[in-house]
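A short write-up of the structure that comes next.
Residue numbers (the working numbering), protein chains in the order written: chain A, 19 to 589; chain B, 11 to 144.
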């Protein structure tokens with residue numbers, strides 16, 4: 019269906035639209051008129067003999083001639099109309115063939131749409147006619163549709179870009195002109211919209227813009243075909259690194275290019291990625307003294323022409339910034355420790371010296387201050403640990419160790435905490451040596467933390483049990499308490515930083531809120547896992563597992579562990 | 011009586027260490043406010059143990075020890091570092107640089123004397139020729 023029909027135009031212009039012999043047609047009525055006029059004059063003058071006869075004859079002749087001239091004038095007007103309307107008709111036909119056209123009534127309901135609209139949107143005509151025009155608009159342009167309608171109601175034409183959506187929900191960009199239709203008296207009776215589909219242009223522009231942006235990036239961007247290992251794209255930074263002129267690509271395969279540019283690690287990573295089935299990989303390399311972070315992404319499938327997208331980012335600034343931050347944290351921590359040494363030392367002397375007579379009330383206050391200084395030390399230690407974890411600098415020194423003796427040592431070192439919280443700590447499964455490959459200091463750090471939590475959250479007079487399970491492929495160390503258990507809402511964030519219960523609870527128990535997240539990082543760095551089982555009102559069992567060492571350890575070595583190691587239990 | 015040369019720039023920490031070590035009556039402490047002061051005092055003093063703060067303005071603890079070791083009577087005196095940066099790697103590095111051991115800050119004043127004695131006894135066990143510590 020077309021909105022602008024030939025018949026409409028023909029009706030408007032008359033049948034003369036099809037007549038093209040204008041000269042002959044124009045002269046014939048005049049000649050006929052003159053001839054009729056002359057004949058009329060001759061006939062009347064010869065037949066009538068009264069005095070007025072010549073006058074009547076002349077009048078009639080002139081009248082007939084005038085009729086002929088009038089016919090000519092009418093025909094000329096029709097011809098002029100036809101001359102004007104024909105190009106208009108062609109223009110409208112061209113518009114119809116090129117543009118998406120729709121008409122809307124005053125209620126904003128679609129009255130008509132052309133075939134191109136149906137082709138573009140995938141709707142059937144029956145789906146659209148009578149529907150609000152907003153059904154054609156993309157969700158992001160619904161508000162725009164309302165603004166356009168408001169402008170049309172004021173009798174003003176609107177032009178701009180609109181986003182429509184097709185029947186499957188895909189976005190269509192259109193360049194649009196919407197004109198109000200006016201009835202008698204100039205009142206708006208609806209609107210006609212003429213649109214050009216610019217989706218493809220927008221995509222091209224976006225692509226062009228993307229390419230421009232890629233070129234402006236400081237990072238190297240490489241695209242390599244996985245099939246023949248040829249480089250299909252390099253941005254400006256990558257070209258500069260490889261010494262390629264703009265618009266040129268290396269003819270060699272990636273292997274040669276990478277070898278020449280001393281980027282063999284990148285090539286190896288691509289090959290490894292291709293065989294791994296993973297979608298991406300990352301590595302850090304140093305190229306010409308510059309540290310680079312390399313991210314490789316495998317795009318597409320082998321059938322559809324797989325490609326590697328390689329991004330190389332200069333991380334010099336980031337490394338320098340991280341170093342400055344780390345130094346700052348370390349320096350601040352150190353600077354905090356110096357006055358803390360004095361505070362803790364002075365308090366320790368006051369509390370511990372028998373020579374200094376401290377009143378009981380003052381003693382209680384001193385103990386609070388001493389505990390708080392201990393807590394501050396724990397926080398500083400945890401912050402330092404977290405800083406190392408976040409920089410991947412946590413030092414794990416695995417060595418053959420008797421984990422049973424580590425458990426006994428930790429238990430002994432925590433005696434003060436047991437007395438403070440009035441709990442009994444028992445150990446099971448640590449009677450015989452249990453050789454394992456682990457970092458003894460980190461093992462003690464984790465167990466101390468779990469044990470400390472268990473004591474803090476146990477009821478007065480409660481029992482805490484440390485249990486070691488020797489399994490074929492791993493050792494499992496668990497700490498069971500008789501506390502209130504972990505509320506369901508807290509369980510999912512228990513290993514997050516500052517997430518152990520509410521702040522007030524944590525402060526009351528003397529925790530830092532960092533311990534469990536540090537424990538998790540330590541255990542995972544040692545190749546193990548950490549978790550817990552809890553039931554509200556029945557206590558919690560925190561456990562960690564470590565994989566068994568492949569190499570068995572000779573028994574005499576067991577006794578020689580731990581020399582020079584310090585165990586820092588809560589004081 | 012165990013003779014200690016304590017090198018520490020922080021006045022409060024020096025005072026607390028001295029008070030802590032004086033509790034048992036087993037230690038005689040000479041205090042130095044810097045590495046330079048220690049080098050100036052060292053020729054006239056023959057300590058049984060050096061107690062060195064690691065982080066000091068001017069000469070660090072390690073640099074101070076390096077200079078002290080050049081004096082014949084200081085060549086084998088056990089050196090204990092006290093540091094707030096008592097990370098595992100730092101401790102290992104200090105041991106490599108000739109430290110008998112490391113005491114981390116903040117230290118417990120009530121056990122400081124015992125810690126020093128334990129370290130000295132361990133040294134006696136490892137190296138022949140040193141005087142036994144009471």
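Ideal placement from N, C-alpha and C gives every residue a C-beta, glycine not left out.
All of these numbers come straight from a predicted model, not from anything done at the bench.
Contact with chain A by residue i, beta-carbon distance below 8 Å
| i | result |
| --- | --- |
| residue 23(B) | yes |
| residue 120(B) | yes |
| residue 104(B) | no |
| residue 20(B) | yes |
| residue 117(B) | yes |
| residue 65(B) | yes |
| residue 126(B) | no |
| residue 60(B) | no |
| residue 30(B) | yes |
| residue 130(B) | no |
Assigned exposure category for residue i - 16 Cβ within 10 Å defines buried
| i | result |
| --- | --- |
| residue 506(A) | exposed |
| residue 383(A) | exposed |
| residue 246(A) | exposed |
| residue 212(A) | buried |
| residue 18(B) | buried |
| residue 175(A) | exposed |
| residue 86(B) | exposed |
| residue 489(A) | exposed |
| residue 419(A) | buried |
| residue 229(A) | exposed |
| residue 95(A) | exposed |
| residue 49(A) | exposed |
| residue 205(A) | exposed |
Chain B within 8 Å of residue i, Cβ atoms only
| i | result |
| --- | --- |
| residue 362(A) | yes |
| residue 388(A) | no |
| residue 370(A) | yes |
| residue 419(A) | no |
| residue 367(A) | yes |
| residue 395(A) | yes |
| residue 521(A) | Interpretation of residue 521(A) is limited by its pLDDT of 48, a score under 50 that renders its predicted location unreliable; the figure taken from the coordinates is listed afterwards. No, its Cβ sits nowhere closer than 8 Å to a Cβ of chain B. |
Which of helix, strand or coil DSSP assigns to residue i
| i | result |
| --- | --- |
| residue 34(B) | coil |
| residue 286(A) | helix |
| residue 89(B) | strand |
| residue 384(A) | helix |
| residue 83(B) | helix |
| residue 67(B) | coil |
| residue 178(A) | strand |
| residue 42(B) | strand |
| residue 183(B) | Given that chain B is displayed from residue 11 to residue 144, the structure contains no residue 183(B) and the question cannot be resolved. |
| residue 371(A) | coil |
| residue 441(A) | coil |
| residue 276(A) | helix |
| residue 59(A) | helix |
| residue 195(A) | strand |
| residue 293(A) | helix |
Given residue i as reference, the closest of the options once Cα atoms are compared
| i | options | result |
| --- | --- | --- |
| residue 65(B) | 101(A), 442(A), 352(A) | 352(A) |
| residue 185(A) | 219(A), 177(A), 135(A) | 135(A) |
| residue 24(B) | 364(A), 430(A), 176(A), 82(A) | 364(A) |
| residue 405(A) | 106(A), 454(A), 342(A) | 342(A) |
| residue 116(B) | 429(A), 395(A), 481(A) | 395(A) |
| residue 553(A) | 509(A), 290(A), 92(A), 393(A) | 509(A) |
| residue 542(A) | 563(A), 551(A), 533(A), 531(A) | 563(A) |
| residue 632(A) | 201(A), 373(A), 369(A), 390(A) | Here chain A covers residues 19 to 589 and nothing more, so residue 632(A) does not appear. |
| residue 189(A) | 231(A), 138(A), 475(A) | 138(A) |
| residue 89(B) | 67(B), 63(B), 37(B) | 63(B) |
| residue 112(B) | 118(B), 101(B), 121(B) | 101(B) |
| residue 256(A) | 289(A), 312(A), 144(A), 293(A) | 312(A) |
| residue 219(A) | 193(A), 125(A), 100(A) | 193(A) |
| residue 121(B) | 73(B), 26(B), 55(B), 54(B) | 26(B) |
| residue 566(A) | 172(A), 497(A), 487(A) | 487(A) |
| residue 61(B) | 72(B), 81(B), 14(B) | 14(B) |
| residue 241(A) | 187(A), 323(A), 216(A), 222(A) | 323(A) |
Contacts of residue i in chain C (Cβ-Cβ under 7 Å)
| i | result |
| --- | --- |
| residue 26(B) | No chain C is part of this structure, whose protein chains are labelled A and B. |
*chain B contacts from the stretch 330-357 of chain A (Cβ-Cβ distance under 9 Å)*: So the close ones are 348, 351, 352, 353, 354, 355, 356, 357.
*asked:* Which residues of the stretch 36-50 of chain B have a Cβ closer than 8 Å to any Cβ of chain A? Give them in chain order.
replied: Within the stretch 36-50 of chain B, contact with chain A at the beta-carbon level (separation under 8 Å) is assigned to no residue.
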